[in-house]
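This report concerns only the one structure given below.
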Amino acid sequence: MIAVVPPQPSLDPWEPALLPANPSQLTRPAFLMNAPFSWPVPRAQPAARVPRPRRAFAQFFELYHLVAAEALVSVLPTPGPAGLPDLVFTANLGVVLEHRRERDTVVIANQADELRRAEAAVGADFFRAMGYRTHVPAGRFGGEADLKHLRGNVYAGGHGRFSDAGTYDWMERAFDMKVVRLALTDPEFTRLDQAVFPLTKEKTLVCTELFERAELAELERHTEIVQVSVEDCRAGACGSVRLHNLWLNSSHVHDLRAGTEEYHREVAKNRRIEDIASTLAFEVNYVNLSEYRDHGVQLSAMLLHLNRFSYAFQLL
Numbered sequence: 060m061i062a063v064v065p066p067q068p069s070l071d072p073w074e075p076a077l078l079p080a081n082p083s084q085l086t087r088p089a090f091l092m093n094a095p096f097s098w099p100v101p102r103a104q105p106a107a108r109v110p111r112p113r114r115a116f117a118q119f120f121e122l123y124h125l126v127a128a129e130a131l132v133s134v135l136p137t138p139g140p141a142g143l144p145d146l147v148f149t150a151n152l153g154v155v156l157e158h159r160r161e162r163d164t165v166v167i168a169n170q171a172d173e174l175r176r177a178e179a180a181v182g183a184d185f186f187r188a189m190g191y192r193t194h195v196p197a198g199r200f201g202g203e204a205d206l207k208h209l210r211g212n213v214y215a216g217g218h219g220r221f222s223d224a225g226t227y228d229w230m231e232r233a234f235d236m237k238v239v240r241l242a243l244t245d246p247e248f249t250r251l252d253q254a255v256f257p258l259t260k261e262k263t264l265v266c267t268e269l270f271e272r273a274e275l276a277e278l279e280r281h282t283e284i285v286q287v288s289v290e291d292c293r294a295g296a297c298g299s300v301r302l303h304n305l306w307l308n309s310s311h312v313h314d315l316r317a318g319t320e321e322y323h324r325e326v327a328k329n330r331r332i333e334d335i336a337s338t339l340a341f342e343v344n345y346v347n348l349s350e351y352r353d354h355g356v357q358l359s360a361m362l363l364h365l366n367r368f369s370y371a372f373q374l375l
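Here it is, written out as structure tokens:
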């Protein structure tokens with residue numbers, strides 16, 4: 060495997076005009092995470108099982124150390140007292156628009172739910188403190204979890220429970236971008252990152268069974284679709300993140316009893332990922348995030364891209 064990286068601007072300290080002003084301008088991957096200080100807060104409706112804070116932190120640190128070895132990871136402060144249980148899922152807070160030349164434009168999530176609005180406000184304060192320009196749409200928007208950068212100024216945007224299709228009309232006008240709209244109608248798949256994962260600038264992993272033919276035809280105008288089944292998506296195949304040539308995915312297969320239905324589903328998902336990865340020169344790295352997956356959350360929700368520098372790599 061050969062990774063070819065295009066020439067990057069000099070960051071010589073004697074050239075201050077070229078120094079990065081924020082993490083998105085770095086010539087290395089950058090992400091935003093949040094430690095699960097407020098994750099164990101009880102919900103209005105109790106979950107099927109009680110969260111285990113120590114296990115949640117141990118799994119958070121496993122993911123954090125893996126990513127921080129190759130990227131800048133900014134940790135979003137958790138305001139006290141605790142009360143924002145989903146703040147750890149930073150991909151829901153907003154999206155950094157990759158195609159903007161200045162790399163300083165953020166669209167903040169907008170939801171009717173008061174908890175979600177409070178979480179988005181924490182994210183907005185962070186971005187403003189870092190010098191980003193923040194924008195809040197009038198319509199509903201679910202953040203990066205519903206908007207995936209494909210290439211150039213082209214994005215795939217999911218609309219349904221958390222995002223309005225009309226929000227993408229506004230984004231196209233305001234930010235000179237193209238959004239391929241994908242309706243999220245299956246109640247099991249309420250976020251786009253559960254069904255779509257950009258692999259490279261040319262190829263995208265897509266659960267084609269969830270979308271209409273016309274939607275897929277429009278998507279194919281901008282990217283080559285690599286198909287993945289509903290079963291594999293349900294197990295978290297698309298809830299992945301790329302870090303250079305690493306394909307990061309969550310798997311708790313070693314926690315499962317061999318021979319059970321859940322074990323077979325997890326093994327099948329992992330094999331499908333590894334088959335695709337081998338054709339594209341990716342190395343797969345699994346992280347056990349069972350404490351979060353038990354609540355229906357996938358790895359991609361815990362990492363908000365501050366840039367997509369990993370996609371500058373051309374894998375040969």
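Heads up, the sequence shown stops at 375 in our numbering, and the numbers go up one at a time, no gaps. Just so it is clear, CB atoms sit at the ideal spot from N, CA and C, and this is done for glycine as well.
Integer-rounded CB distance, given that residue j should sit under 8 angstroms from residue i
{"i": "PRO88", "j": "GLU129", "result": "6 angstroms"}
{"i": "LEU362", "j": "THR149", "result": "7 angstroms"}
{"i": "MET189", "j": "ASN81", "result": "5 angstroms"}
{"i": "LEU243", "j": "GLY217", "result": "5 angstroms"}
{"i": "SER309", "j": "LEU348", "result": "4 angstroms"}
{"i": "GLU290", "j": "ALA233", "result": "Not really, about 38 angstroms apart at Cβ, beyond 8 angstroms."}
{"i": "PHE96", "j": "VAL132", "result": "Not a contact, Cβ separation roughly 16 angstroms."}
{"i": "PHE200", "j": "LEU135", "result": "Their Cβ separation, rounded to whole angstroms, is 18 angstroms, which puts PHE200 and LEU135 out of contact at 8 angstroms."}
{"i": "ALA204", "j": "ALA360", "result": "6 angstroms"}
{"i": "VAL239", "j": "LEU278", "result": "5 angstroms"}
{"i": "THR249", "j": "ARG220", "result": "5 angstroms"}
{"i": "ALA294", "j": "GLU325", "result": "6 angstroms"}
{"i": "GLY198", "j": "ASP223", "result": "4 angstroms"}
{"i": "GLU350", "j": "ARG114", "result": "5 angstroms"}
{"i": "LEU146", "j": "VAL181", "result": "6 angstroms"}
Residue range of the unbroken beta strand (DSSP E) whose run includes residue i
{"i": "HIS218", "result": "213-218"}
{"i": "TYR387", "result": "The chain is shown from 60 up to 375; residue 387 falls before or after that span and cannot be answered."}
{"i": "LEU206", "result": "206-210"}
In DSSP terms, what residue i is bridged to
{"i": "SER133", "result": "LEU91"}
{"i": "PHE256", "result": "LEU264"}
{"i": "GLY153", "result": "ILE167"}
{"i": "LEU339", "result": "Per DSSP, none; premise fails for LEU339."}
{"i": "ALA242", "result": "HIS218"}
{"i": "LEU363", "result": "LEU91"}
{"i": "LYS237", "result": "VAL213"}
Of the listed residues the options, nearest to residue i (C-alpha basis)
{"i": "ASN93", "options": "LEU152, ARG240 and ILE335", "result": "LEU152"}
{"i": "SER299", "options": "ALA336, VAL213, ALA80 and PRO136", "result": "ALA336"}
{"i": "LEU307", "options": "TYR345, ALA273 and ALA296", "result": "TYR345"}
{"i": "HIS194", "options": "PHE221, GLY216, TRP229 and LEU269", "result": "TRP229"}
{"i": "ALA296", "options": "TYR370, GLU173, VAL356 and ALA233", "result": "VAL356"}
{"i": "LEU125", "options": "LEU275, TYR370 and LEU305", "result": "LEU305"}
{"i": "GLU283", "options": "ARG210, LEU315 and ASN169", "result": "ARG210"}
{"i": "ASP314", "options": "ARG352, HIS281 and PHE372", "result": "ARG352"}
{"i": "THR263", "options": "HIS364, ALA215, ARG250 and LEU91", "result": "ALA215"}
{"i": "SER369", "options": "HIS303, VAL265 and HIS354", "result": "HIS303"}
{"i": "ASN329", "options": "ALA168, ARG187 and VAL312", "result": "VAL312"}
{"i": "GLY162", "options": "GLY142, GLN84, TYR227 and PHE116", "result": "Here residue 162 turns out to be Arg, not Gly, going by the sequence shown. The residue with the shortest Cα to Cα distance from ARG162 is GLN84."}
{"i": "LEU251", "options": "ARG159, LEU241, LEU275 and LEU258", "result": "LEU241"}
{"i": "ARG192", "options": "ALA179, SER288 and ILE167", "result": "ILE167"}
{"i": "GLN367", "options": "ASP334, GLU342, LEU258 and ASP245", "result": "Before going further, note that residue 367 is Arg rather than Gln in the sequence given. Nearest of ASP334, GLU342, LEU258 and ASP245 to ARG367, Cα basis: LEU258."}
{"i": "HIS354", "options": "ARG111, GLU333 and PHE256", "result": "ARG111"}
{"i": "CYS292", "options": "ILE332, GLU320 and GLY142", "result": "ILE332"}
{"i": "SER288", "options": "VAL265, ARG301 and HIS281", "result": "VAL265"}
{"i": "LYS260", "options": "TYR227, ASN212 and ALA179", "result": "ASN212"}
{"i": "PRO144", "options": "VAL343, GLU121, ALA179 and PHE372", "result": "ALA179"}
{"i": "GLY139", "options": "THR226, LEU275, TRP98 and VAL155", "result": "TRP98"}
{"i": "TYR207", "options": "PHE256, ASP334, ARG114 and LEU77", "result": "Note that residue 207 corresponds to Lys in the displayed sequence, not to Tyr. The option with the nearest alpha carbon to LYS207 is PHE256."}
{"i": "GLY225", "options": "ASN169, ASP245 and ALA127", "result": "ASN169"}
{"i": "LEU358", "options": "LEU78, PHE116, LEU122 and ARG187", "result": "LEU122"}
{"i": "PHE372", "options": "ARG316, ASP334, ARG301 and ALA127", "result": "ARG301"}
{"i": "LEU174", "options": "ALA183, ARG187 and GLY142", "result": "GLY142"}
{"i": "LEU365", "options": "LEU77, PHE116, HIS158 and THR137", "result": "HIS158"}
{"i": "ARG160", "options": "PHE116, PRO79, THR137 and ALA117", "result": "PRO79"}
Residue i, enclosing alpha helix (DSSP H) - first and last residue
{"i": "GLU356", "result": "Going by the sequence as given, residue 356 is Val instead of Glu. Element bounds for VAL356: n/a, residue is neither H nor E."}
{"i": "ARG114", "result": "112-127"}
{"i": "ARG250", "result": "No alpha helix (DSSP H) contains ARG250, which DSSP labels as neither H nor E."}
{"i": "ALA80", "result": "Where ALA80 is concerned, there is no enclosing alpha helix (DSSP H), given that its DSSP letter is neither H nor E."}
{"i": "ALA224", "result": "224-234"}
(request) Report the residue ranges of all beta strand (DSSP E) runs contained in full by the region 160-199; include only those spanning at least 3 residues, in chain order. (result) Runs found: 164-167 and 192-194.
(request) Return the chain-ordered ranges of every alpha helix (DSSP H) run that is complete within the region 258-324 and spans a minimum of 4 residues. (result) Runs of the alpha helix (DSSP H) inside the region 258-324: 272-279 and 289-293.
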